[in-house]
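Here is the structure we will look at.
Numbering (the numbering used here), first residue to last: 248 to 470.
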């Protein structure tokens, strides 16, 4: 399916290449569009606004490269192998809030940013803005290990703000094809969740063998 094939490109560039921005608006809700620089007014707890280009950072770091005749981006072989090696080492240990703070370049004594764990999920936030979200240990370990590898490949990594780092890591996570937790294949698919009053179109990336979710994007399609 063309949508699934080019999902990485949609996330990084904000629209399908080649194609039309209509697909982005159809599949991605306001909170995701906000994350990728769409001009939408928000209230209360929102995703923190950042001004970086995650695609360019990943290209400069040698993490991704053009593929499929230039219409998409894929992980480079070198980065993929290095990332997998770090993943195999890191997943032998339980990752917690401190590891994610380190991945975001935040000191554990920083009182401006908090990382909280809720079951298998984590969220990093200030008093009024979300910095990053991870729906499983698999997503968390992917970002922690990717941050370490990218810090050695991108010279300005240490100069990025926590929200900027979170955006780059979130963008990179979309390219995962082998589960960081159980090594099984990753499946990206659509689900429709029904409630009494509305339906939600959900795009989910999950590990087939252990059900760990790497990301989940939900948008209301009818009410």
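Where is the CB? At the ideal position from N, CA and C, for every residue including glycine.
- Counting every other CB atom within 10 Å of its CB across the protein chains shown gives residue 425 a total below 16, marking it as exposed.
- Short of 8 angstroms from the beta carbon of residue 354, and not among the five residues preceding or following it, lie these beta carbons of its own chain, in chain order: 348.
- Contact between residue 439 and residue 304 does not hold, since their C-beta atoms are separated by about 34 angstroms, which reaches or exceeds 8 angstroms.
- Under the DSSP definition of a beta bridge, residue 368 partners with 365.
- In this structure, DSSP gives residue 353 a state outside helix and strand, which the three-state scheme calls coil.
- When beta bridges are read from the DSSP output, residue 321 appears opposite 312.
- In the DSSP assignment, residue 410 falls within the alpha helix (DSSP H) that extends over 409-420.
- In the same chain as residue 432, and ignoring 5 residues on each side of it, the C-beta atoms closer than 6 angstroms to its own belong to 455, in chain order.
- Minimum Cα-Cα distance from residue 417 among the listed residues 366, 312, 391 and 343 corresponds to 391.
- When the alpha-carbon of residue 394 is set against those of 300, 382 and 308, the nearest one is in 308.
- Taking C-beta atoms as the reference points, residue 385 and residue 427 count as a pair closer than 8 angstroms.
- For residue 380, no alpha helix (DSSP H) segment is defined; the enclosing uninterrupted segment is the beta strand (DSSP E) at 376-381.
- If you draw a straight line from the Cα of residue 364 to the Cα of residue 301, it comes to about 26 angstroms.
- Residue range 384-400 is occupied by the alpha helix (DSSP H) that includes residue 398.
- Of the residues assessed, residue 338 falls on the buried side of the cut-off, its CB having 16 or more other CB atoms within 10 angstroms.
- In the structure shown, residue 347 falls within a helical segment according to DSSP collapsed to helix, strand and coil.
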